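The next block holds one structure in the form of structure tokens; read it before the comments.
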Amino acid sequence: MKVDGVTYRSVWVDPDDGWSVRIFDQTKLPWTLDILRLTTRDQGAHAIKSMQTRGAPLIGAVAAYALCLALRADASTEAMERDAGLLNATRPTAVNLRWALERMLTRLRNTPPAERVAAAYEEAGRIADEDAAQNEAIGRHGLPLIRQAVRPARRVNVLTHCNAGWLATVDWGTALAPIYMAHDAGIDLHVWVDETRPRNQGAALTAWELGRHGVPHTVVADNAGGHLMQHGEVDLVIVGTDRVTRHGDVANKIGTYLKALAAKDNGVPFWVALPSTTIDWTVADGVADIPIEERGQAEVTDMTGQLADGTIATMRIVSSGSPAANPAFDVTPARLVTGLITERGRCDASAEGLARLFPERA
Ligand code: MRU
């Protein structure tokens, strides 16, 4: 995708040295577009943990590159297994992280240590390329849903939660890919952007992305979605996901479940966009079996923003002494999901629907 006319992906190998890894520091957006240079395993792990880089598909790709950096330091089998384990432990909910590291290990276990670094960069590059291609395909399969919602003399209103745009993937995004394609196809479209407390991925990242691409959008408080749906202001919801079970339950950023409930009550279609790397075929019941990341209290008690003089400041917004809880994801049961948009097409959020698209996994 383009920022101010320059084409970027969300992770890439530095073309000047051919090995260090570049990412955007998403904790600095929307105020500054800072590009970080990762040179070690620990920098890669820190970037994922601290959410300098984030979004299920992207953390998979960054973890794959972080393993490349680890192998540059020590390509022995013992170190490789240890470093993959360490990277896998950085964040628990998005299954793409485990998927990417397992794929790297499958390739590298059969590669002699002396050849591992080159093989690792090749495999990480493939993971990144495939993610970009899968998200583009998701855009193509999601676009008809937006086209179908077009009414004479009325814009199409899509609501999205969190950031499932190109910043959360290698390119294109998942939920935002159909939106970018619809906008580029000339469809009169407007996006309601949930601010997505506590980390504000909607207000800070989705709004920034959509603004850079010229897509009309409005940021709303997380609590506004139900009201907008009741008043006919939302034609469809499209969200991303961090893990989908083989039965179609959807883990996504905290607050997604409430939007799905409101959508059901108001007859608004609720679609979930995902590359197949986000499907966890080992899990059936999402509420019982998907690990939900519990993050620090400060994300709830404190807010970071820009003061009128341009300074970035963090301040406490919660009564001092009051504790806070911060579950970062929730699970939307499959029965509340209208359907899934994948790189192979759309399907019901069900074991049967997923098996139809992915018969080799069923
Ligand atoms: O905690 P984050 O920001 O890494 O959350 C992941 C996400 O970006 C969202 O849950 C998103 O909707 C799914 S990832 C495309």
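Numbered by the numbering used here, the letters in the sequence shown go through residues -4 to 357 in order.
Note that CB positions come from ideal geometry on N, CA and C, so glycine has one too.
Computed from a predicted model, the values in this text were never measured in an experiment.
Pick out whichever of the options has its Cα sitting closest to the Cα of residue i.
i     : options                : result
T88   : E228, R290, V295, R351 : R290
W7    : Y60, G168, Q47, H41    : Y60
V(-2) : S15, G13, D11, L24     : L24
A323  : A114, W167, Q196       : Q196
T22   : G300, R67, T2          : G300
P173  : I133, N158, L231       : I133
V165  : R194, A58, R356, H41   : A58
V186  : A180, L205, M176, V145 : L205
A240  : T2, E131, A357, I122   : The question names Ala, yet the displayed sequence has Thr at residue 240. Checking every option, the nearest Cα to that of T240 belongs to A357.
V229  : W203, V263, L200       : V263
S367  : T106, R192, G50, V326  : In the structure as shown, the chain begins at -4 and stops at 357. Residue 367 is therefore absent and cannot be evaluated.
K248  : R36, D304, D325, G209  : D325
H208  : V153, G160, H226       : G160
E62   : A115, P108, D124       : Going by the sequence as given, residue 62 is Leu instead of Glu. The residue with the shortest Cα to Cα distance from L62 is A115.
L92   : D237, P354, A319, E355 : D237
W276  : M46, V90, D217         : V90
N261  : G220, P286, T2, R135   : G220
N218  : V278, L256, D9         : L256
D126  : M298, S5, Y252, P108   : S5
G227  : L200, T306, V153, A279 : V153
A12   : Y3, A40, L33           : The identity of residue 12 in the sequence shown is Asp, whereas the question assumes Ala. When each option's Cα is compared against that of D12, the closest is L33.
R135  : P354, A268, Q225       : A268
Leaving out five residues before and five after residue i in sequence, what residues of the same chain have Cβ atoms less than 7 angstroms from its Cβ?
i    : result
A329 : H242, G243, D244, A344, S345
I43  : I54, V57, A58, T85, R86
A279 : T240, R241, H242
Q225 : N261
Y3   : M(-4)
Residues in the same chain with beta-carbon distance under 8 angstroms from residue i, minus the five sequence neighbours each way, listed in chain order, please.
i    : result
L302 : A308
C342 : G334, L335, G348, L349, R351, L352
L100 : M75, E76, A79
I30  : R17, I18, F19, D20
S317 : T296
A370 : Any question about residue 370 goes unanswered here, given that the chain covers just -4 to 357.
M46  : Q21, T22, R194
Is there a Cβ of chain B sitting closer than 8 angstroms to that of residue i, yes or no?
i    : result
N218 : In summary, chain B is missing from the structure at hand, where a single protein chain is found.
Quick check: residue i and residue j, are their CB atoms within less than 8 angstroms of each other?
i    : j    : result
L223 : F265 : no
D156 : K259 : One detail in the question is off: residue 156 reads as His in this sequence, not Asp. Cβ distance not < 8 angstroms, so H156 and K259 don't count as in contact.
P52  : A170 : no
A95  : A65  : no
R194 : E294 : yes
L231 : L140 : yes
P270 : N158 : no
T296 : G250 : no
M298 : I285 : no
Express the C-alpha separation of residue j and residue i in angstroms, rounding to a whole number.
i    : j     : result
L103 : R111  : 6 angstroms
Q38  : V234  : 30 angstroms
M310 : A119  : 39 angstroms
D361 : T27   : There is simply no residue 361 to check, as the chain begins at -4 and stops at 357 in what is shown.
E117 : A148  : 50 angstroms
G168 : G137  : 12 angstroms
G281 : E288  : 14 angstroms
D315 : Q292  : For the record, residue 315 in the displayed sequence is Ser; it is not Asp. Approximately 12 angstroms, taken between the alpha carbons.
R121 : D304  : 44 angstroms
A74  : S15   : 19 angstroms
A283 : T327  : 12 angstroms
V215 : M(-4) : 25 angstroms
R98  : T272  : 11 angstroms
D179 : T35   : 39 angstroms
W203 : A128  : 23 angstroms
F19  : I274  : 26 angstroms
M176 : V210  : 10 angstroms
E338 : P10   : 29 angstroms
A144 : G50   : 28 angstroms
A320 : T48   : 23 angstroms
A123 : R146  : 37 angstroms
A109 : V151  : 55 angstroms
Y252 : D69   : 43 angstroms
T201 : P354  : 34 angstroms
V188 : H212  : 7 angstroms
G0   : G181  : 20 angstroms
G340 : A246  : 20 angstroms
So, at 6 angstroms on beta carbons, what are the nonlocal neighbours of residue i in its own chain, with the 5 sequence-adjacent residues on each side left out?
i    : result
R67  : V112
A382 : Limits of the chain in this structure are -4 at one end and 357 at the other, which puts residue 382 out of reach.
Could you tell me which whole alpha helix (DSSP H) segments of length 4 or greater appear in the region 289 to 338?
293 to 296
To test your reading of the DSSP string, which unbroken beta strand (DSSP E) runs of 3 or more residues are found completely within the region 137 to 162?
151 to 155
Which runs of the alpha helix (DSSP H) at least 4 residues long sit entirely within the region 205 to 257? Give them in chain order.
220 to 225
My parser needs the beta strand (DSSP E) runs of 3 or more residues fully inside the region 25 to 88; what are they?
30 to 33
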